[in-house]
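J.: For the protein sequence lines, the chains are B and W, in the order given. For the first sequence, this note's numbering begins at 141 and goes up steadily by one. For the second sequence, this note's numbering begins at 141 and goes up steadily by one. C-beta atoms are modelled at their ideal positions from N, C-alpha and C, and glycine is treated no differently. These numbers come from a predicted model, not from an experiment.
There are 2 protein chains.
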Amino acid sequence: MDPRAIGVFDSGVGGLTVLKALRDRLPWESLLYLGDTARLPYGTKSAEAVSAYALQAARALVARDIKILVVADNTSSAQALGRLRAAFPDLPMVGVVEPGSAAAGHASARGRIIVIASESTVAAGAYPNAVRRARAEARVTQIACPLFVALVEEGLVDGPIAEQVVRHYLAANFLDAGEEERGDCLLLGCTHFPALSPLLRRMLGERVAIVDSASTTARAVEDVLESRGLAAPPGAPGVIRYLATDSPERFARVAPIFVPWTVTARDVEMITLE
Amino acid sequence: MDPRAIGVFDSGVGGLTVLKALRDRLPWESLLYLGDTARLPYGTKSAEAVSAYALQAARALVARDIKILVVADNTSSAQALGRLRAAFPDLPMVGVVEPGSAAAGHASARGRIIVIASESTVAAGAYPNAVRRARAEARVTQIACPLFVALVEEGLVDGPIAEQVVRHYLAANFLDAGEEERGDCLLLGCTHFPALSPLLRRMLGERVAIVDSASTTARAVEDVLESRGLAAPPGAPGVIRYLATDSPERFARVAPIFVPWTVTARDVEMITLE
Numbered sequence: 141m142d143p144r145a146i147g148v149f150d151s152g153v154g155g156l157t158v159l160k161a162l163r164d165r166l167p168w169e170s171l172l173y174l175g176d177t178a179r180l181p182y183g184t185k186s187a188e189a190v191s192a193y194a195l196q197a198a199r200a201l202v203a204r205d206i207k208i209l210v211v212a213d214n215t216s217s218a219q220a221l222g223r224l225r226a227a228f229p230d231l232p233m234v235g236v237v238e239p240g241s242a243a244a245g246h247a248s249a250r251g252r253i254i255v256i257a258s259e260s261t262v263a264a265g266a267y268p269n270a271v272r273r274a275r276a277e278a279r280v281t282q283i284a285c286p287l288f289v290a291l292v293e294e295g296l297v298d299g300p301i302a303e304q305v306v307r308h309y310l311a312a313n314f315l316d317a318g319e320e321e322r323g324d325c326l327l328l329g330c331t332h333f334p335a336l337s338p339l340l341r342r343m344l345g346e347r348v349a350i351v352d353s354a355s356t357t358a359r360a361v362e363d364v365l366e367s368r369g370l371a372a373p374p375g376a377p378g379v380i381r382y383l384a385t386d387s388p389e390r391f392a393r394v395a396p397i398f399v400p401w402t403v404t405a406r407d408v409e410m411i412t413l414e
Numbered sequence: 141m142d143p144r145a146i147g148v149f150d151s152g153v154g155g156l157t158v159l160k161a162l163r164d165r166l167p168w169e170s171l172l173y174l175g176d177t178a179r180l181p182y183g184t185k186s187a188e189a190v191s192a193y194a195l196q197a198a199r200a201l202v203a204r205d206i207k208i209l210v211v212a213d214n215t216s217s218a219q220a221l222g223r224l225r226a227a228f229p230d231l232p233m234v235g236v237v238e239p240g241s242a243a244a245g246h247a248s249a250r251g252r253i254i255v256i257a258s259e260s261t262v263a264a265g266a267y268p269n270a271v272r273r274a275r276a277e278a279r280v281t282q283i284a285c286p287l288f289v290a291l292v293e294e295g296l297v298d299g300p301i302a303e304q305v306v307r308h309y310l311a312a313n314f315l316d317a318g319e320e321e322r323g324d325c326l327l328l329g330c331t332h333f334p335a336l337s338p339l340l341r342r343m344l345g346e347r348v349a350i351v352d353s354a355s356t357t358a359r360a361v362e363d364v365l366e367s368r369g370l371a372a373p374p375g376a377p378g379v380i381r382y383l384a385t386d387s388p389e390r391f392a393r394v395a396p397i398f399v400p401w402t403v404t405a406r407d408v409e410m411i412t413l414e
């Protein structure tokens, strides 16, 4: 039993989908979320910059006495997890790439897995590698879908524009694809994308497995806490705190897109990373 | 006559539309472009952060001996130009907000001016204020259009998705508006938006004036250089150099969206701002 908080790090607010998944699965755990909002998005930045930023963020969370680090940012999970583990060898860590990839490997019927993600996550190639570790014969296709992020941030997660954009990115591999070529599993490789799940489910039909890395990551965190005896004692719901590197007001304004509870600017502490 | 370069500062690559407008209008001028790509976008950051970043960028350009500073970034133009002028009182400076606003004030027939911009530019309110300085009785409506930025960066500047998004943002003030309420001038208050001009022209019709801040800013720069005797001597085309705070490769890959000439990663020098 360990009452310390789970640290969750993201480049911005999208990682709140992971926070929500953790809250749903592990209500007794206290959660400390750090969004590096002053420097988002990481997706367009070099691997060197991303590693440096992730190390700074991890240091800030470790200084606040976390028991496990969840790297909710896809770019950091893909490019910096090795460096983070080397820098903090005693701290359990879970990224979002491995759990989602393993789940997709299991969920896919015929091994035709389509990964949708940001441009840089696609370029890094971490998802295909991780999926193949879980299922060696999988055929993995990646599609960079930057417009999905903008749609979610605008709250346009349904309606004709969202449908057209889904069609734009996914027609070739799902809607217009022949039976043989069609994907049978869609892996959401970006923290923003769970907001589009209902639309994707409706458009792609019931036969496509949709795997999101937020809930699979929460399950992986639960496994680690249990196996290491680090779970919080049951009782009152855990405390949720927020750190951000830029305006608490904007953080609070965007949060409702990703979590169903209220976040006010006073709940968010602004810090500097360096 | 002054052969020194014109310094152009932007938070990323969108300011290349201003660079192109300067090149078109002032071919003998050497141009030094600085994109703070490691920290883009500024639009989601606090006014304090934006001012600090803009001062660092200006310092880097001044250290490279520019004769005038063009602040191509809308957020910095709206929020930091006063601070920049105070910090460098002897350096001529032109932002993108004033020239576009003045031109819109003149171009509008009935004074119904619609400003489209990023969320933060809209929140800052600099365009309505500047338009009213040029034309006191103007009725100015602002619309935040973040999806336009994502569309341009995806190269989706035409076709059904772009049309639907234009309709989403502009139907109420143009396409579906009554004669009385309809805008008669559209001011593009974001450096990315000139890429959408042809589509906007086609959808809004010939009777709407479309004013882009890139070309109006280039005209303002020409005025300043002429009135101060700072123009470059005519002769060979000026040299164009690029500085960026993150990956030259990505800078070079995205540049063709905004300029018609070739930019290779070797043309881009990576620097650190602090």
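1) Against residue 315 of chain W, what residues of chain B qualify as contacts under a CB-to-CB distance less than 7 Å, listed in chain order?
2) Alpha carbons only, please: which of W/239, W/264 and W/204 is nearest the one belonging to residue 186 of chain W?
3) If the criterion is Cβ atoms closer than 8 Å, does the pair residue 330 of chain W and residue 257 of chain W meet it?
4) Mind checking the region 285-303 of chain W against chain B and listing, in chain order, the residues whose C-beta falls within less than 8 Å of any C-beta there?
5) Compute the beta-carbon to beta-carbon distance between residue 155 of chain B and residue 148 of chain B, rounded to the nearest angstrom, for a pair I have assumed lies under 8 Å.
6) For a contact defined as C-beta to C-beta under 8 Å, what are the partners of residue 386 of chain B on chain W?
7) Within the continuous alpha helix (DSSP H) that includes residue 356 of chain W, where are the two ends?
8) Which of the three DSSP states, helix, strand or coil, is assigned to residue 142 of chain B?
9) List the residues of chain W that residue 178 of chain B touches, going by C-beta distances under 7 Å, in chain order.
10) What would DSSP say about residue 341 of chain W, mapped onto helix, strand or coil?
11) Since residue 147 of chain B sits in a beta bridge, which residues does DSSP pair it with?
12) With three or more beta-carbon pairs closer than 8 Å as the criterion, would you say the region 234-241 of chain W touches the region 205-215 of chain W?
13) Examine the Cβ distances between the region 357-366 of chain B and the region 162-169 of chain B and report whether three or more of them are shorter than 8 Å.
14) Flag residue 406 of chain B as yes if its beta-carbon sits less than 8 Å from any beta-carbon of chain W, otherwise no.
15) Name the residue from W/397, W/376, W/403 and W/379 whose alpha carbon lies nearest to the alpha carbon of residue 389 of chain W.
16) For the putative contact between residue 142 of chain W and residue 376 of chain W, defined by C-beta atoms under 8 Å, what is the C-beta separation to the nearest angstrom?
17) Check distances from the C-beta atoms of the region 305-336 of chain W to those of chain B and list, in chain order, the residues that come in under 7 Å.
18) Please confirm whether residue 201 of chain W and residue 174 of chain W have their CB atoms less than 8 Å apart.
19) Counting C-beta neighbours from all protein chains within 10 Å, is the total for residue 150 of chain W 16 or more, i.e. buried, or is it exposed?
20) From residue 274 of chain W to residue 393 of chain B, what distance separates their C-alpha atoms?
21) Which chain W residues are close to residue 390 of chain B, counting only those with a beta carbon under 7 Å from its beta carbon?
22) Output the distance between the C-alpha atoms of residue 387 of chain B and residue 287 of chain B, rounded to the nearest integer angstrom.
23) Start and end of the alpha helix (DSSP H) containing residue 283 of chain B?
24) Return helix, strand or coil for residue 350 of chain B, following the three-state DSSP convention.
25) Between B/260, B/198, B/167 and B/311, which lies nearest to residue 413 of chain B when the distance is taken from Cα to Cα?
26) Which class does residue 163 of chain W belong to by DSSP, given the choice of helix, strand or coil?
27) Could you say which of B/291, B/341 and B/190 lies nearest to residue 220 of chain B if we only look at CA atoms?
28) Roughly how many angstroms separate the alpha carbons of residue 381 of chain B and residue 296 of chain B, rounded to a whole number?
29) So for residue 328 of chain B, helix, strand or coil by DSSP?
30) Note down the Cα distance separating residue 268 of chain B from residue 353 of chain B, rounded to an integer number of angstroms.
31) Is it buried or exposed for residue 379 of chain B, if we count other Cβ within 10 angstroms and need 16 for buried?
32) Just curious, the alpha helix (DSSP H) that residue 267 of chain B is in, first and last residue?
33) What is the C-beta distance between residue 278 of chain W and residue 253 of chain W, in whole angstroms, given that I count them as a contact (C-beta under 8 Å)?
34) Report the rounded CA-to-CA distance for residue 305 of chain W versus residue 301 of chain B, giving the unit in angstroms.
35) Using a threshold of 8 Å, state whether the C-beta atoms of residue 208 of chain W and residue 339 of chain W are closer than that.
T.: On the basis of the data shown:
1) To locate residue 315 of chain W, count along the second sequence from 1; it is residue 175. Here the premise fails: no neighbours, minimum Cβ distance about 15 Å.
2) Taking the second sequence and counting its residues from 1, the one referred to as residue 186 of chain W is at position 46. Of the candidates W/239, W/264 and W/204, the one whose C-alpha sits nearest the C-alpha of residue 186 of chain W is W/264.
3) Taking the second sequence and counting its residues from 1, the one referred to as residue 330 of chain W is at position 190. Taking the second sequence and counting its residues from 1, the one referred to as residue 257 of chain W is at position 117. Yes, these two residues count as a Cβ contact at 8 Å.
4) 286, 287, 289, 290, 291, 293, 294, 296, 300 and 301
5) Taking the first sequence and counting its residues from 1, the one referred to as residue 155 of chain B is at position 15. Taking the first sequence and counting its residues from 1, the one referred to as residue 148 of chain B is at position 8. With a Cβ gap of about 6 Å, residue 155 of chain B and residue 148 of chain B count as contacting.
6) For the purposes of this step, residue 386 of chain B is taken as the residue at position 246 of the first sequence. Within chain W, the C-beta atoms nearer than 8 Å to that of residue 386 of chain B come from 184, 185, 186 and 189, in chain order.
7) On the second sequence, residue 356 of chain W is found 216 positions in, with the first residue counted as 1. Looking at the DSSP string, the run of the alpha helix (DSSP H) that includes residue 356 of chain W is 353-367.
8) For the purposes of this step, residue 142 of chain B is taken as residue 2 along the first sequence, with counting starting at 1. Residue state, collapsed to three classes: coil.
9) As a working mapping, residue 178 of chain B is identified with position 38 in the first sequence. Chain W residues near residue 178 of chain B: 185 and 189.
10) Taking the first residue of the second sequence as 1, we reach residue 341 of chain W at position 201. Secondary structure of residue 341 of chain W (DSSP, three-state): helix.
11) Translated into positions along the first sequence, residue 147 of chain B becomes position 7. B/172 and B/209, per the DSSP bridge assignment.
12) yes
13) yes
14) Here residue 406 of chain B refers to the residue found at position 266 of the first sequence. Chain W, which has no Cβ nearer than 8 Å to the Cβ of residue 406 of chain B, makes this no.
15) Here residue 389 of chain W corresponds to residue number 249 of the second sequence, with the count starting at 1. Considering only alpha carbons, the answer is W/403.
16) For the purposes of this step, residue 142 of chain W is identified with residue 2 of the second sequence, where counting begins at 1. For the purposes of this step, residue 376 of chain W is identified with residue 236 of the second sequence, where counting begins at 1. Not a contact, Cβ separation roughly 16 Å.
17) 305 and 308
18) Residue mapping note: residue 201 of chain W aligns to position 61 of the second sequence, counting from 1. Residue mapping note: residue 174 of chain W aligns to position 34 of the second sequence, counting from 1. Yes.
19) Translated into positions along the second sequence, residue 150 of chain W becomes position 10. Looking at its Cβ environment, which holds 16 or more other Cβ atoms inside 10 Å, residue 150 of chain W is buried.
20) Sequence index remark: in the second sequence, residue 274 of chain W carries index 134 (1-based). Sequence index remark: in the first sequence, residue 393 of chain B carries index 253 (1-based). Spanning the two alpha carbons is a distance of roughly 33 Å.
21) Translated into the one-based positions of the first sequence, residue 390 of chain B becomes position 250. Result: 184.
22) The residue labelled residue 387 of chain B in the question sits at position 247 within the first sequence. The residue labelled residue 287 of chain B in the question sits at position 147 within the first sequence. When rounded, the distance between both Cα atoms is 24 Å.
23) As a first step, residue 283 of chain B must be located in the first sequence, where it is residue number 143. Counting along the chain, residue 283 of chain B falls outside any alpha helix (DSSP H), though it belongs to the beta strand (DSSP E) covering 279-284.
24) Translated into positions along the first sequence, residue 350 of chain B becomes position 210. In the three-state DSSP reduction, residue 350 of chain B falls in the strand class (E or B).
25) If you number the first sequence from 1, residue 413 of chain B lands on position 273. Per the Cα distances, B/198.
26) Looking up residue 163 of chain W in the second sequence gives position 23. The answer is helix: DSSP assigns residue 163 of chain W an H, G or I state.
27) In the first sequence, counting from the first residue as 1, residue 220 of chain B sits at position 80. Nearest of B/291, B/341 and B/190 to residue 220 of chain B, Cα basis: B/190.
28) Translated into positions along the first sequence, residue 381 of chain B becomes position 241. Translated into positions along the first sequence, residue 296 of chain B becomes position 156. C-alpha separation (whole angstroms): 28 Å.
29) Mapped onto the first sequence, residue 328 of chain B falls at position 188. Here residue 328 of chain B sits in strand by DSSP.
30) Position 128 of the first sequence, counted from the first residue, corresponds to residue 268 of chain B. Position 213 of the first sequence, counted from the first residue, corresponds to residue 353 of chain B. If you take the alpha carbons of residue 268 of chain B and residue 353 of chain B, they lie about 14 Å apart.
31) Here residue 379 of chain B refers to the residue found at position 239 when the first sequence is read from its first residue. With fewer than 16 other Cβ atoms within 10 Å, it is exposed.
32) To locate residue 267 of chain B, count along the first sequence from 1; it is residue 127. Start and end: 266-274.
33) Residue numbering aside, residue 278 of chain W sits at position 138 when the second sequence is read from its first letter. Residue numbering aside, residue 253 of chain W sits at position 113 when the second sequence is read from its first letter. Approximately 5 Å separates the beta-carbon atoms of residue 278 of chain W and residue 253 of chain W; this is inside 8 Å, confirming the contact.
34) The count along the second sequence starts at 1 and reaches residue 305 of chain W at position 165. The count along the first sequence starts at 1 and reaches residue 301 of chain B at position 161. Cα-Cα distance, rounded: 7 Å.
35) Residue numbering aside, residue 208 of chain W sits at position 68 when the second sequence is read from its first letter. Residue numbering aside, residue 339 of chain W sits at position 199 when the second sequence is read from its first letter. No, the pair does not count as a contact, with Cβ atoms beyond the cut-off.
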